[in-house]
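One structure below.
2 protein chains.
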Amino acid sequence: MTATDAPSAVSPSSFDWEGAFSPQARRLGSSAIREILKITQRPEIISFAGGLPAPELFPIEAVREAANTVLSTYGAAALQYSTTEGHLPLREWLAARAGIDAANVQIMTGSQQSLDLLGKMLIGEGDVVLVEAPTYLGALQSFNPYGPQYVQMAADEEGIDLDALEEQLKTVKAKLLYAVPNFQNPTGRTLSLERRQRLVELTARHGIILIEDDPYGAIRFSGEPLPSLYELSLKMCGGPERSHVIYSGSFSKVLVPGLRDAWVQAALPIIRKLIQAKQGADLHTPTFNQMIISELVETVMPAQIERVKAVYGERAQHMMARMDAQFPAGVQHTTPQGGMFLWVTLPEQIDTVPLLEQAVKRLVAFVPGAPFYALGGGHNTMRLSFSSATLDQIETGIAALAQTIQEALD
Amino acid sequence: MTATDAPSAVSPSSFDWEGAFSPQARRLGSSAIREILKITQRPEIISFAGGLPAPELFPIEAVREAANTVLSTYGAAALQYSTTEGHLPLREWLAARAGIDAANVQIMTGSQQSLDLLGKMLIGEGDVVLVEAPTYLGALQSFNPYGPQYVQMAADEEGIDLDALEEQLKTVKAKLLYAVPNFQNPTGRTLSLERRQRLVELTARHGIILIEDDPYGAIRFSGEPLPSLYELSLKMCGGPERSHVIYSGSFSKVLVPGLRDAWVQAALPIIRKLIQAKQGADLHTPTFNQMIISELVETVMPAQIERVKAVYGERAQHMMARMDAQFPAGVQHTTPQGGMFLWVTLPEQIDTVPLLEQAVKRLVAFVPGAPFYALGGGHNTMRLSFSSATLDQIETGIAALAQTIQEALD
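Residue numbers (this note's numbering), protein chains in the order written: chain L, 1015 to 1424; chain P, 1015 to 1424.
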């Protein structure tokens, strides 16, 4: 069904698209993960590579009921254009939970849109953006077109190293700091309470905007819940209008990702600019989807979160136990207390990019760690997701991965 | 429910958000239309201001059935993350209709996203973008952050004046041309066949990328259908890979807008870059929504289009007849053959911004024309939408508007 490619008098050669791309387009790259995932999607492969929530836990019947209820309740309004700000009952529910006003809550089309539009609003070419090393790859993809200059922050098991950061800030003039404090993607690490307080205080003192990306916060399967950076900033800075923290939340991991519903909590000047940016980006998040989510937050979501926590916790424990039993000496992993990921560090001589090829031969897949570093590094690291593999698959897959690593070490 | 705004040792004053905004954020402005619409949303006002499809025509029960079918057919996959390219059956359906390959079709979250991401990919700061005068305000909003230099093209009843454009191109080096050839927003004008051919040929010869925005094309209620610029370019340039036309389509006006589903047809280098841009912008269009639309395109959409055409055609005829009967001499209007809008030009001495205030007092609203001009002009013009007003409302509203205009002329 392809139209003829016969030559033409009008346009003798193909159009020079590469030459036509803007500077921001040239800074876009395809996601390394995305290309890798394509290889690993063969059904016979046990994949710890993806970042997919477990589909067998999705509340399909509840979504069906909510969709029907929404159409009965709202009728045509559920399918009509709606406000850029988002569905008011959903914004009010989120605001009440956070102890802020609905005016400080903006609904977004997935948290990827939050990152894109916050990047667009806040990153000018050459602006210094502090990121964890490693950090969430999707944030780099969103920010890159706007031309940031990244500076990496050191981290350990408790997250960002605040002593090191304080030292860095003596010489680095940063505009923005991006962090995933809970069960970080990709490492699974969680920022400790003491460091959270210091981070909020330090960035406030230096006038650095802090973007807190928190898609996994509700999925804590061990340890005690910690306040968000945003929550701490409300107390430390004196309310939402004085906070320099922009909080990005999402329904993708606690309900379902395919509806693309997320939100931002921030001071009014940020929300107002975000509304303008979103008008130009997609007018508004799908009306129907926001209303469906709004039906589910009170009814289904609390039990859904408990279910997800129990299952992911069991899978994480199993994966860590199998790794501890089978991985060669010198291989280390993080110990996540929630979320979907853990991080493995191999001996220096191993490069996880060629290792992936060997692993795929043994029918197991992971994501090499290097792409998660904004400025390079991490050649001997990998991200494993435990969220969507069964216990049996974890058993088989970790055994295959242990063999692959052992072979590479020999 | 607002957290305390007590002063704090950490952040004694509010954060300087204005100073933190990027150059692209500073180029964002709120939609003039959006602000005006807020005033005119009082229920007692007959509004010709909005650009809303008629909600009483929405196929609510068909959407309900489709939603249920999708959940039964696809189960969890309807609610899971999905590919950036979009739901393959929907892309295949669109491709077959256009006589191209599915690889040349990209699903988007509303055509506003198409404009945003095409702007991001193609407009570098200072690049010359040719736009109609007046043009679609939403396109300006999407393009503005990327810093285009607009050049306006003259137009008459048959759309863009090709003689004038050919003359302009002798001195203007343009990167991009943006046009709405069918029932343009805001004027309702349609580009004639002869001018379509010349426009495709002229832009190809000058190496200018042509973005064809076609949300209304299917809603033709009088006259003969014309080929799209994209279709003409496939023949004239020799197939999709040689075409310099990027086609932006949408399901918002032919099905429902609240699901936010649209698409782009273009050469592979554009599609590949668009995929990268979309990964960073929202990962993918909501899975569930794409599947619902895919259920509806074969079953409900053909009859829906006929229904919309009949109703909008009747409303447009009625509005024009009432205007011809009641508007003072010297007031002119366009004669749309489809779409949702018509354009009124008043005597030079009338400014439609203060006129709107007077109109609202008489309980009728329109959108002043000036914001639709990228470079100013059109103080004595207005856009009227006939899509969502009943015949009675048109009767009453046009009478009130006629009185308002007469009063302003006196």
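Beta carbons: idealized from backbone N, C-alpha and C, even for Gly.
MET1015 of chain L to ALA1110 of chain P, Cα distance in whole Å? Reliability fails at MET1015 of chain L, whose pLDDT of 33 lies under 50, so the model's placement of it is uncertain and the value that follows must be treated cautiously. Straight-line Cα distance between these residues: approximately 7 Å.
Does the count of Cβ pairs from the region 1235 to 1248 of chain P and the region 1078 to 1093 of chain P closer than 8 Å reach three? no
Using DSSP with H/G/I as helix, E/B as strand and the rest coil, what is ASP1141 of chain L? coil
Between the region 1071 to 1083 of chain L and the region 1191 to 1198 of chain L, do three or more beta carbon pairs fall short of 8 Å? no
Starting from the C-beta of ARG1041 of chain P, find all residues in its chain whose C-beta is less than 6 Å away, skip the five residues before and the five after it, and write them out in chain order. ASN1158, PRO1159
Taking the alpha-carbon positions, what's the ALA1023 of chain P to GLN1211 of chain L distance? Residue placement at ALA1023 of chain P cannot be trusted, given a pLDDT of 45 that sits under 50; the coordinates are not used to answer.
So is ALA1280 of chain L buried or exposed if we call it buried at 16+ other beta carbons inside 10 Å? buried
Which residues does DSSP pair with LEU1356 of chain P in a beta bridge? P:LEU1398
For HIS1347 of chain L, the residue or residues it bridges with in DSSP: L:VAL1358
In the DSSP assignment, what are the bridge partners of MET1167 of chain P? P:GLU1146
Tell me the residue span of the beta strand (DSSP E) that contains VAL1121 of chain P. Sequence inspection shows Ile at residue 1121 of chain P; the Val mentioned does not correspond to that position. Segment 1119 to 1122, the beta strand (DSSP E) holding ILE1121 of chain P.
Quick one: what's got a C-beta closer than 6 Å to PRO1361 of chain P's C-beta in the same chain, skipping five residues either side? GLY1344
Span of the alpha helix (DSSP H) around GLN1055 of chain P: Note, GLN1055 of chain P: premise wrong, no alpha helix (DSSP H); not H, not E.
Taking the alpha-carbon positions, what's the SER1262 of chain L to GLU1099 of chain L distance? 15 Å
DSSP three-state assignment for LEU1224 of chain P, whether helix, strand or coil: strand
Flag ASP1406 of chain P as yes if its beta-carbon sits less than 7 Å from any beta-carbon of chain L, otherwise no. no
For PHE1062 of chain L, decide whether its Cβ has a neighbour in chain P, counting only Cβ atoms nearer than 7 Å. no
Would you verify that the beta carbon of ILE1419 of chain L is, or is not, closer than 7 Å to some beta carbon of chain P? no
On the CB-based measure, 16 or more other CB atoms within 10 Å of its CB, does LEU1389 of chain P come out buried or exposed? exposed
Measuring only the C-alpha atoms, how far is ALA1379 of chain L from GLY1391 of chain L? 21 Å
Helix, strand or coil for PRO1254 of chain P, going by three-state DSSP, please let me know. coil
Would the beta-carbon of GLY1124 of chain L fall within 7 Å of that of LEU1297 of chain P? yes
May I have the straight-line CA-CA distance separating ILE1059 of chain P from ILE1260 of chain P, to the nearest angstrom? 39 Å
Put GLN1193 of chain P into one of helix, strand or coil per three-state DSSP. First, the residue type needs correcting, since residue 1193 of chain P is Ala and not Gln in the sequence shown. Strand, per DSSP.
For ALA1226 of chain P, the nearest candidate out of P:SER1096, P:GLY1161, P:SER1401, P:THR1204 (CA to CA): Rather than Ala, the amino acid found at residue 1226 of chain P in this sequence is Glu. Among P:SER1096, P:GLY1161, P:SER1401, P:THR1204, the Cα nearest to that of GLU1226 of chain P belongs to P:THR1204.
So for TYR1230 of chain L, helix, strand or coil by DSSP? coil
For chain P, check one thing: does any of its Cβ atoms lie closer than 7 Å to the Cβ of TYR1095 of chain L? yes
For GLY1272 of chain P, the three-state DSSP class (helix, strand or coil): coil
With a threshold of 16 other CB atoms inside 10 Å of the CB of THR1348 of chain L, please say whether the residue is buried or exposed. buried
Please return the same chain residues whose Cβ sits closer than 7 Å to the Cβ of THR1083 of chain L, not counting the five positions on each side in sequence. GLU1309
Applying the 10 Å Cβ sphere with the 16-neighbour rule, what's the burial state of GLU985 of chain P? Past the edges of chain P, shown from 1015 to 1424, lies residue 985 of chain P, and the structure says nothing about it.
So, at 8 Å on beta carbons, what are the nonlocal neighbours of GLN1420 of chain P in its own chain, with the 5 sequence-adjacent residues on each side left out? PRO1342
Chain L residues whose Cβ lies nearer than 9 Å to that of ASP1424 of chain P: Those within 9 Å of ASP1424 of chain P in chain L number zero; the least Cβ separation is about 37 Å.
With 16 other Cβ atoms within 10 Å as the buried cut-off, status of SER1128 of chain P: buried
Along chain L, in chain order, which residues have C-beta atoms closer than 9 Å to that of LEU1085 of chain P? ILE1074, GLU1075, VAL1077, ARG1078, ALA1081
What in chain P is Cβ-close to TYR1326 of chain L, meaning under 9 Å? The contacting residues do not exist; TYR1326 of chain L stays about 16 Å from chain P at best.
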